[in-house]
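All remarks here apply to the structure that follows.
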Amino acid sequence: MENTVIINKYSILTDVQKVNENAILLKFSSNQYFDTKEEIYGLNIWGENISQSISLIKEQHLNTPTVVIDEISELTFYSGNLDESPDWGDWMSDFSLSFDSYEGDFMLKTQEDWDNELLYLIGDRVRTAAFQSKIDSEFRKLTTKQMLYLINDAQIVSAVRKKLAALLSKLNELDDYSFYSLFIDNYKLTE
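Just so we're aligned, residue 5 is where the sequence shown starts under our numbering, counting upward by one.
Shown next as structure tokens:
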């Protein structure tokens, strides 16, 4: 992979959006955990019926370190970090998709991007605790306390901070079953 062209500038794929049948937007964060930078990297990809690959991309790469490589007429998605080397076998290829063109650029985070990062961080802690069989009411209280501290300590706009605190409050209103199911099963908070 001598002439490898990595097209994502940040490594954590945080969102995949359908623009239309022939265009999708991938959003990447610079940090696997709560990233206080106000920007993300957006990658627009165009290709015939490319929106049909959204579910596969989400299933294989959402909220994980991902490397996207331009291989002339295909984009190959790898699991792995940008600072790792494919020559040492650090990356695992999951799939490739055909495309017509792509364009990437840094963009300001939306409230949804901030919410996704907070939900990811909480979900990561919940899944880790579940794996270690350490889920109880004290874990939930401690996680809430840590997230509130993180939100209040972050150098982010006050309006964003308030909305993140409101999201955290909404999560706390859930019963234990709904709370843990949210992060272990479907990872989406319904309105």
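All residues carry an ideal CB built from backbone N, CA and C; glycine is no exception.
Locate the alpha helix (DSSP H) running through residue 126, then write down its first and last residues. If you number the sequence shown from 1, residue 126 lands on position 122. From DSSP, the alpha helix (DSSP H) with residue 126 extends over 115–135.
According to DSSP, simplified to helix, strand and coil, what is residue 184? The residue labelled residue 184 in the question sits at position 180 within the sequence shown. The answer is helix: DSSP assigns residue 184 an H, G or I state.
Where residue 53 and residue 100 are concerned, what is the direct C-alpha to C-alpha distance, given to the nearest angstrom? As a working note, residue 53 is residue 49 in the sequence shown. As a working note, residue 100 is residue 96 in the sequence shown. Going from the Cα of residue 53 to the Cα of residue 100 covers about 14 Å.
Span of the beta strand (DSSP E) holding residue 107? The sequence position of residue 107 within the sequence shown is 103, counting from 1. Segment 105–112, the beta strand (DSSP E) holding residue 107.
Beta-carbon within less than 6 Å of residue 20's beta-carbon, same chain only, minus the 5 sequence neighbours each way: which residues are those? Here residue 20 refers to the residue found at position 16 when the sequence shown is read from its first residue. Answer for residue 20: 30, 58, 61 and 62, listed in chain order.
Could you tell me whether the region 117–137 touches the region 71–81, where touching means 3 or more Cβ pairs closer than 8 Å? The region 117–137 is not in contact with the region 71–81.
Inspect the beta-carbon positions of residue 69 and residue 46 and report whether they are closer than 8 Å. Residue numbering aside, residue 69 sits at position 65 when the sequence shown is read from its first letter. Residue numbering aside, residue 46 sits at position 42 when the sequence shown is read from its first letter. Contact flag unset, no.
Residue interval of the beta strand (DSSP E) (run including residue 48): Position 44 of the sequence shown holds residue 48. Taken as a continuous stretch (DSSP letters only), the beta strand (DSSP E) holding residue 48 covers 43–50.
Report the three-state DSSP secondary structure of residue 148 (helix, strand or coil). What you label residue 148 is simply residue 144 of the sequence shown in a count that begins at 1. Here residue 148 sits in helix by DSSP.
Mind checking which residues open and close the alpha helix (DSSP H) that includes residue 64? By 1-based counting over the sequence shown, the position of residue 64 is 60. Note, residue 64: alpha helix (DSSP H), 58–65.
Can we say the region 181–188 touches the region 123–143, given the rule of at least three CB pairs closer than 8 Å? Judged by Cβ distances under 8 Å, the region 181–188 makes contact with the region 123–143, as three or more pairs qualify.
Under the three-state DSSP convention, the category residue 163 falls into: For the purposes of this step, residue 163 is identified with residue 159 of the sequence shown, where counting begins at 1. Note: residue 163 maps to helix in three-state DSSP.
Span separating the alpha-carbon of residue 14 from that of residue 114: To locate residue 14, count along the sequence shown from 1; it is residue 10. To locate residue 114, count along the sequence shown from 1; it is residue 110. If you take the alpha carbons of residue 14 and residue 114, they lie about 17 Å apart.
Can you give me the C-alpha to C-alpha distance between residue 5 and residue 105, rounded to a whole angstrom? Against the sequence shown, residue 5 aligns to sequence position 1. Against the sequence shown, residue 105 aligns to sequence position 101. Below a pLDDT of 50, predicted positions are generally treated as unreliable, and residue 5, at 49, falls in that range; the measurement from the model is reported next regardless. Annotation: residue 5 to residue 105 spans about 21 Å, alpha carbon to alpha carbon.
Outcome for residue 112 when other beta-carbon atoms lying within 10 angstroms are tallied against a minimum of 16: Mapped onto the sequence shown, residue 112 falls at position 108. Looking at its Cβ environment, which holds fewer than 16 other Cβ atoms inside 10 Å, residue 112 is exposed.
Going straight from the alpha carbon of residue 142 to that of residue 24, what length do you get? Here residue 142 is taken as the residue at index 138 of the sequence shown, counted from 1. Here residue 24 is taken as the residue at index 20 of the sequence shown, counted from 1. If you take the alpha carbons of residue 142 and residue 24, they lie about 45 Å apart.
Per DSSP, which residues does residue 29 bridge with? Please list them. For the purposes of this step, residue 29 is identified with residue 25 of the sequence shown, where counting begins at 1. Note: residue 29 sits in a beta bridge opposite 21 and 48.
On the DSSP bridge list, what partners appear for residue 71? Residue numbering aside, residue 71 sits at position 67 when the sequence shown is read from its first letter. In the DSSP output, where bridge partners are listed per residue, residue 71 has 82.
Is residue 171 buried or exposed, if buried means 16 or more other CB atoms sit within 10 Å of its CB? Locating residue 171 in the sequence shown gives position 167, counting from the first residue. Residue 171 should be labelled buried.
Using only the alpha-carbon positions, how far apart do residue 156 and residue 38 sit? Counting from one through the sequence shown, the residue named residue 156 turns up at place 152. Counting from one through the sequence shown, the residue named residue 38 turns up at place 34. Rounded to the nearest whole angstrom, the C-alpha separation of residue 156 and residue 38 is 12 Å.
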